[in-house]
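Worksheet: the structure to be examined is printed underneath.
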Amino acid sequence: MNDFLLTMSEDMGITRFNDETNDSFIYRLCYSALGQWGLQIARSSSGGAIGTSKHNQTIVLNDLIQRYSELFPNISDKFMNEKDPQNKLSVHIRKTYEETGHLLTDKNNHNRIANYGRSIVFKDSALYFGLPSTSYTVNGLGAFSRPTEYQISVNDFLIRDNLTTEEYLNVQYDIIDFYDRDIDLTELQFFNPLSSNVPSQSWISKIRTNYTIARKSEQGPFYRIIEEPNGTILFADEIIEQQTNILTSYEFRRIYFALKAHYGNPLKATISQIDESYSHLRLRGHLPNREYYFLLLLSWPANNAFDKVNFIIKNEFIPKVTMTLENIGITIEGGNTNA
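The opening position of the sequence shown corresponds to residue 10 in my numbering, with each subsequent residue numbered one higher.
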């Protein structure tokens with residue numbers, strides 16, 4: 010390990026986990042360093058103006074990604090999104106910070122650090138929103154320091170309601186919102202909460218449960234469905250807006266998780282302890298953006314920067330992550346779930 014990487018490791022407080030390969034460790038160091046550069050740029054000042062344009066922020070990160078790829082060619086593929094080549098890591102990192110309240114964007118499309126002293130307290134440290142003025146460590150894209158006076162809960166950060174999974178489902182399937190509609194059932198596909206497949210592959214041609222979701226195609230339209238005991242099918246429009254990288258995107262996944270939990274077949278996540286410091290979190294499906302961005306501030310996407318189902322996470326964060334996932338109907342297997 011060269012001096013450059015050792016300095017990065019010491020500055021950010023990132024240590025190897027048990028039997029971690031050089032490539033994996035270098036990737037985690039560079040991934041977190043890119044995030045820190047993205048925040049530092051937004052804290053800079055020039056000509057009396059604080060912050061930087063989004064364009065400049067993206068250019069600087071692109072240059073750094075290219076430089077890291079040249080220095081460490083074995084990890085260069087970890088910075089690319091093979092499924093969506095247009096989704097650049099530089100923009101992905103910037104948007105993550107914008108959507109999670111680390112950056113503020115002004116009317117001129119400039120970003121600056123949102124240093125309000127806000128933090129979420131974990132066991133021995135706190136996730137700081139912005140950049141701490143004191144010493145701090147880094148996990149994934151998040152900076153961790155001492156707890157601040159301005160503390161918020163995970164639910165406050167996620168802008169989540171306090172409904173249990175079952176309460177949420179009851180609201181979504183309130184009979185007063187449903188009507189008999191002249192819709193040909195043979196043209197529809199139905200979500201099967203009983204399927205052992207991931208939610209995106211759990212669509213079939215027949216209704217298997219009295220509550221479900223129907224669609225005409227992957228692009229919609231979508232409907233919430235109630236099948237009454239006498240066989241009558243009732244419909245309510247399920248509006249799914251265009252999904253983007255904003256915090257509240259992909260909320261429709263929450264209803265799929267709730268349906269699976271309601272019918273005793275919850276989506277599962279496994280936590281496998283690697284050593285005394287780290288664990289591997291594996292999800293069986295993609296999360297709504299709120300929970301996904303939360304994970305990005307606590308952990309490292311395991312296989313590449315765009316991995317949405319495998320994460321390397323510090324053990325001290327597991328209790329709050331477990332609580333967060335269970336709140337949307339995901340069952341956790343393994344790991345220390347004591348809050």
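From the three backbone atoms N, C-alpha and C, an ideal C-beta is built for every residue, glycine too.
Here the structure is a predicted model, which is why all the values come from computation and not from measurement.
Nearest to Asn83 by alpha-carbon distance, out of Asn313, Ile339 and Lys97, is Asn313.
In this structure, DSSP gives Ile255 a state outside helix and strand, which the three-state scheme calls coil.
Note: Lys277 is bridge-paired with Thr340 in the DSSP secondary-structure output.
Here the region 85-92 makes contact with the region 313-325; the two share three or more CB pairs at distances below 8 angstroms.
In this chain, the beta strand (DSSP E) harbouring Asp246 covers Ile242 to Glu247.
Counting the other CB atoms within 10 Å of its CB gives Glu196 a total below 16, which places it among the exposed residues.
At the C-beta level, Tyr137 and Ala123 stay beyond 8 angstroms of one another. The criterion of a C-beta distance shorter than 8 angstroms is satisfied by Asp284 and Phe26. At a Cβ-Cβ threshold of 8 angstroms, Phe244 and Ile327 do not count as neighbours. For the pair of segments examined, the region 112-131 was found to touch the region 149-166: the number of CB pairs separated by less than 8 angstroms reaches three. In the three-state DSSP reduction, Glu236 falls in the strand class (E or B). Going by C-alpha positions, Ser214 is about 16 angstroms away from Ile235.
When DSSP states are grouped into helix, strand and coil, His295 belongs to the coil group. Under DSSP, Gln45 takes part in no beta bridge, so it has no partner. The alpha carbon of Leu203 has as its nearest neighbour, out of Asn219, Asp189, Tyr145 and Thr61, the alpha carbon of Asn219. If you look at Gln198, you'll find it in the beta strand (DSSP E) that goes Gln198 to Phe200. Of the other Cβ atoms in all chains shown, 16 or more fall within 10 Å of the Cβ of Asn201; this residue is therefore buried. When DSSP reads this structure, Asn319 sits in a beta bridge with Arg291. Contact check for Tyr301 and Lys317: beta-carbon distance about 6 angstroms, within the 8 angstroms limit, so the pair qualifies. Between the alpha carbons of Ile102 and Asp189 lies a distance of about 45 angstroms. The beta carbon of Gly229 is closer than 7 angstroms to those of Ile249 in its chain, skipping five residues each way along the sequence. In the three-state DSSP reduction, Thr109 falls in the coil class, being neither helix nor strand. Taken through DSSP and simplified to helix, strand or coil, Ser286 comes out as coil.
Note that the C-beta distance between Asp246 and Tyr232 is below 8 angstroms.
Closest option to Gly273, judged by alpha-carbon separation, among Leu113, Ile255, Asn239 and Thr174: Thr174. The beta carbon of Ile59 sits closer than 6 angstroms to those of Arg121, all from its chain and outside the five residues before and after it, given in chain order.
Counting of Cβ neighbours within 10 angstroms places Thr253 among the exposed residues, the total staying below 16.
Residue range Phe261 to His271 is occupied by the alpha helix (DSSP H) that includes Phe261. Assignment of Asp189 by DSSP, reduced to helix, strand and coil, places it in the strand class. Three or more pairs of CB atoms, one per stretch, sit closer than 8 angstroms, so the region 37-48 contacts the region 94-108.
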